[in-house]
Amino acid sequence: MTAASAMPAPIHESGPRTDELVDTRMVLWHMVAAMVFLAIALLAGFFYSMQFLQHYFLPKWEIFSPGRWRMVHTNGVAYGFLANAFLAGLHWAVPRLTLRPVYSRRLSAFIFLAWQAVVLATAGGLVLGQAQALEWGETPIWIDPIALVGLILVAVNFLAPILRAEGPLYVTLWYFISAFVWTVLVYAMGNFLPQYFVGGTAAGAIGGLFIHDLVGLFVTPLGWGLMYYFVPIILRKPIWSHGLSLVGFWGLAFFYPLTGIHHFLYSPIPMFLQHGAVITTIAIELVVTTVIVNFFVTLANRGDALRTSLPIRWFYTGMVFYFVTCLQCAFQTTMPFQRIIHFTDWVVGHAHLVMMGVFGFWLLGMMVYLFPRLVGASGWYSATANSWHYWLTMLGTLVMFLDLLVAGLVQGYLWKELAPWEQSLIASVPFWLVRTVSGTAIIIGQFMFFWNAWMTWRTAPSASPSPAGPSMSVRPATA
Amino acid sequence: MFESKSGIFLIAGLGFFALSFVVMAVLPWAIYAGQPELTIPQLAENGIIPEFVDLAERYPDRFTQHFNKPTYASFAEALKLGHKVYVAEACWHCHSQFVRPVSNENLRWGPVSNALEYQNVLQRPVLFGTRRVGPDLSREAGRRSNDWHVAHFQKPTSVVPSSVMPEYPWLFDGDGYPNKRGMALITYVQWLGSWRPEYPYFEGEAPPWADSLRPAAPSGMANAGPVADVVGAAPKEVVR
Numbered sequence: 002m003t004a005a006s007a008m009p010a011p012i013h014e015s016g017p018r019t020d021e022l023v024d025t026r027m028v029l030w031h032m033v034a035a036m037v038f039l040a041i042a043l044l045a046g047f048f049y050s051m052q053f054l055q056h057y058f059l060p061k062w063e064i065f066s067p068g069r070w071r072m073v074h075t076n077g078v079a080y081g082f083l084a085n086a087f088l089a090g091l092h093w094a095v096p097r098l099t100l101r102p103v104y105s106r107r108l109s110a111f112i113f114l115a116w117q118a119v120v121l122a123t124a125g126g127l128v129l130g131q132a133q134a135l136e137w138g139e140t141p142i143w144i145d146p147i148a149l150v151g152l153i154l155v156a157v158n159f160l161a162p163i164l165r166a167e168g169p170l171y172v173t174l175w176y177f178i179s180a181f182v183w184t185v186l187v188y189a190m191g192n193f194l195p196q197y198f199v200g201g202t203a204a205g206a207i208g209g210l211f212i213h214d215l216v217g218l219f220v221t222p223l224g225w226g227l228m229y230y231f232v233p234i235i236l237r238k239p240i241w242s243h244g245l246s247l248v249g250f251w252g253l254a255f256f257y258p259l260t261g262i263h264h265f266l267y268s269p270i271p272m273f274l275q276h277g278a279v280i281t282t283i284a285i286e287l288v289v290t291t292v293i294v295n296f297f298v299t300l301a302n303r304g305d306a307l308r309t310s311l312p313i314r315w316f317y318t319g320m321v322f323y324f325v326t327c328l329q330c331a332f333q334t335t336m337p338f339q340r341i342i343h344f345t346d347w348v349v350g351h352a353h354l355v356m357m358g359v360f361g362f363w364l365l366g367m368m369v370y371l372f373p374r375l376v377g378a379s380g381w382y383s384a385t386a387n388s389w390h391y392w393l394t395m396l397g398t399l400v401m402f403l404d405l406l407v408a409g410l411v412q413g414y415l416w417k418e419l420a421p422w423e424q425s426l427i428a429s430v431p432f433w434l435v436r437t438v439s440g441t442a443i444i445i446g447q448f449m450f451f452w453n454a455w456m457t458w459r460t461a462p463s464a465s466p467s468p469a470g471p472s473m474s475v476r477p478a479t480a
Numbered sequence: 662m663f664e665s666k667s668g669i670f671l672i673a674g675l676g677f678f679a680l681s682f683v684v685m686a687v688l689p690w691a692i693y694a695g696q697p698e699l700t701i702p703q704l705a706e707n708g709i710i711p712e713f714v715d716l717a718e719r720y721p722d723r724f725t726q727h728f729n730k731p732t733y734a735s736f737a738e739a740l741k742l743g744h745k746v747y748v749a750e751a752c753w754h755c756h757s758q759f760v761r762p763v764s765n766e767n768l769r770w771g772p773v774s775n776a777l778e779y780q781n782v783l784q785r786p787v788l789f790g791t792r793r794v795g796p797d798l799s800r801e802a803g804r805r806s807n808d809w810h811v812a813h814f815q816k817p818t819s820v821v822p823s824s825v826m827p828e829y830p831w832l833f834d835g836d837g838y839p840n841k842r843g844m845a846l847i848t849y850v851q852w853l854g855s856w857r858p859e860y861p862y863f864e865g866e867a868p869p870w871a872d873s874l875r876p877a878a879p880s881g882m883a884n885a886g887p888v889a890d891v892v893g894a895a896p897k898e899v900v901r
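Here's what the structure looks like:
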């Protein structure tokens, strides 16, 4: 039982063929869309960071207002890059794990087009000044219902094969099922309640819940689900402990939704709720440790894969960062830390480590693994470019994180000491410069990756994949 | 149960989310449910801020064109539009509206924020903020003159050389005077905290221009002042 459910469902000789199951074209389309939006979001972040150095490139243009492009940066990452890359991963993994195709291929294509329209409309709306004052949910309010319908369609499309699947349910699918339910509920709650039904401080509590649930109940379960799928396949060995997988999933499911208010500590939200949110946040760190232990013991005796398999390197670097970011979280949500670091760049560094260093890395690793397969190439065009991509992105993210961490402490203590406000700006400038430079390294790395992907595609034996996708067995492929 | 579809769907998916929703959302919602939420006209009728009247006197032609006269209705309109600009330009991503009871914030900004201050429509969704690149603005009312804000929105470094705030030329007419959106944003920012009894003495001492702007005692001004009183106040000479 344990062994069976700890591995993807066994393949029968008479089982369905891959091209009947997997809509490879959708995987590729979503992946390309993810790359395009990642490029836009990164450039938006770079532009915005130049404002902090008093050298914004287009200061006189209303549609290039730096504040608006900050929202394009964050929303582009969340809804353009992460969501598209997750959909690519779902299209690849769910039919393989369930041995069932998605509900409807036409629906898949419709979702693809509709989602790109939603992201583009969001970016356009933000740039034209129609933002909603909800962090990570700045999507103009007229787009919110459309995006919600899109999320429901995604849930239907992927829950259909999962609910029809037979036999024990693999860990990945636990995470996916709950993620589909949560994402719809979280999006509806966060975007509609504070806008139409709840005002004031209570809406702040809901806003905090939304920010954190978006990370914890949409991004995190999809990310871990994909890790539970890809890591055993590439390492060709099962996850070490099924029991720890259970602890990790149910611990996350219980504690993660209970942490939202930790975003507004020392706010007028009742203190007993704030203290409760702090305790659940620390509890999460314990749960996270079990998951990390599970994955690192799985890697035991296969440590060479970190060197030989680029996807594994991306995945496990992301896991180290995940542990760091969760450990940081357990400290930074305590009251003594909050006194200093709240409202500072410390939090910005934390957000970058989570979004780029963890989930970005996992999805980039997934792209590195899948992309040549999708375009029918035998491997990447340039291994050197891939290596540069990894090191530039990894070092850029690490430096940016550490830089903003220290910047936050400097700012926090200057504020507490009642130094003139301008002094906290002057003291921050060197850190902001390092932030821009490290961000530039990340951007150069990504563009090398995009170029590499383009060349891989162009030089692939079949210039574009056939509608049915490359003929490939359902059997796990090697890295 | 722990590995079945229905267990995961119902317990983890729906159940745990519902639990968190009750604890983290319904509970604070219920706690503050009894507090009325003020509408924008109600906020305006709490008292037109003198800075709004000052805009009318400083830019008479343009003000008349945009807002006609400083009345409750036009003040409400300015607050609403100013709030819209504040959200559209993502001001709240770099300026908080939330004074914490720690880290000497009450000394720097003024009184600690309380829940009732957020019970109004202009806090939908609430503007606690997320990062403080620039100062907290919840006690900004009357702290600086309208002239200062005009210069600052046009070119922040002209008044604060180390400022990293963007320039907002689209809030101004071609000749450098604030347009409708510019006046509305200045009104909104100058209004933030004007409901406090301490206004404009947030830091325990009056700004240098306070006496010239308002002859009455500060405590008498809060939540008071029908428009005639304000309009009929002593001539306003802004000293910086």
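Chains as they are written, first to last, in this note's numbering: chain A, 2 to 480; chain B, 662 to 901. Where a beta carbon is used, it is the ideal one built from N, C-alpha and C, also for glycine. None of the values given here were measured: they were computed from a predicted structure.
At a cut-off of 9 angstroms, the C-beta of residue 818 of chain B has a neighbouring C-beta in chain A. In its chain, beyond the 5 residues on either side, 185, 188, 189, 192 have a beta carbon closer than 8 angstroms to the beta carbon of residue 149 of chain A. Taking residue 124 of chain A as reference, the option from A/42, A/225, A/56 with the minimal CA-CA separation is A/42. In the DSSP annotation of this structure, residue 791 of chain B is not part of any alpha helix (DSSP H), being labelled neither H nor E. In the same chain as residue 247 of chain A, and ignoring 5 residues on each side of it, no C-beta atom comes closer than 7 angstroms to its own. Residue 827 of chain B has its alpha-carbon roughly 12 angstroms from the corresponding atom of residue 812 of chain B. Taking C-beta separations shorter than 7 angstroms and ignoring five residues to either side along the sequence, the partners of residue 795 of chain B in its chain run 755, 756, 826, following chain order. Note that the C-beta distance between residue 229 of chain A and residue 315 of chain A is not below 9 angstroms. Identification of residues in the segment 432-457 of chain A having a C-beta nearer than 9 angstroms to some C-beta of chain B yields 433, given in sequence order. The segment 337-372 of chain A contains, as complete alpha helix (DSSP H) runs of 4+ residues, the segments 346-353 (chain order). With fewer than 16 other Cβ atoms from the protein chains shown falling within 10 Å of its own Cβ, residue 197 of chain A counts as exposed. Between residue 333 of chain A and chain B, the shortest Cβ-Cβ separation is not below 9 angstroms.
Listed by position along chain B, the residues whose Cβ is nearer than 9 angstroms to that of residue 210 of chain A are 681, 682, 685, 686. Contact annotation for residue 161 of chain A against chain B: no contact, minimum CB-CB distance about 12 angstroms [criterion: below 8 angstroms]. The criterion of a C-beta distance shorter than 9 angstroms is not satisfied by residue 777 of chain B and residue 848 of chain B.
Among the residues of chain B, those whose CB is under 8 angstroms from the CB of residue 417 of chain A are 764, 765, following chain order. Here DSSP, grouped into helix, strand and coil, assigns residue 840 of chain B to coil. Neighbours of residue 136 of chain A in chain B, taken as residues at a C-beta separation under 7 angstroms, are given in chain order as 791.
For residue 82 of chain A and residue 422 of chain A, the gap between their C-alpha atoms comes out near 36 angstroms. The C-beta of residue 206 of chain A comes closer than 9 angstroms to at least one C-beta of chain B. At a cut-off of 9 angstroms between beta carbons, residue 788 of chain B contacts chain A.
Contact with chain A is absent for residue 841 of chain B, since none of that chain's Cβ atoms lies less than 9 angstroms from the residue's Cβ. Under the DSSP assignment, residue 317 of chain A falls in the alpha helix (DSSP H) whose first and last residues are 311-333. Note that the segment 168-176 of chain A does not touch the segment 102-121 of chain A; fewer than 3 beta-carbon pairs, one per stretch, sit closer than 8 angstroms.
Beta-bridge partners assigned by DSSP to residue 833 of chain B: B/839. For residue 761 of chain B, the residues of chain A that pass the 9 angstroms Cβ criterion are 266, 267, 268, 339, 340, 343, 344, in the order they occur in the chain.
Under the three-state reduction of DSSP output, residue 302 of chain A falls in the coil class, being neither helix nor strand. Close to residue 101 of chain A, with beta-carbon spacing below 9 angstroms, lies no residue of chain B; the smallest spacing is near 13 angstroms. If you check each beta-carbon in the segment 27-59 of chain A against every beta-carbon of chain B, the ones closer than 7 angstroms belong to 52, 53, 55, 57. Residues of chain B with a Cβ closer than 7 angstroms to the Cβ of residue 96 of chain A do not exist; the shortest Cβ-Cβ separation is about 17 angstroms. For the set A/462, A/461, A/321, the Cα lying nearest the Cα of residue 296 of chain A is the one of A/321. Closest option to residue 213 of chain A, judged by alpha-carbon separation, among A/334, A/340, A/156: A/334. A direct Cα-to-Cα measurement between residue 835 of chain B and residue 799 of chain B gives close to 30 angstroms.
Nearest in C-alpha terms to residue 378 of chain A, of all of A/456, A/273, A/324, A/120, is A/456. If you draw a 10 Å sphere on the C-beta of residue 662 of chain B, you find fewer than 16 other C-beta atoms in it, and that means exposed.
Here residue 341 of chain A has 413 as same chain residues with Cβ atoms under 6 angstroms from its own Cβ, once five neighbours each way along the sequence are excluded.
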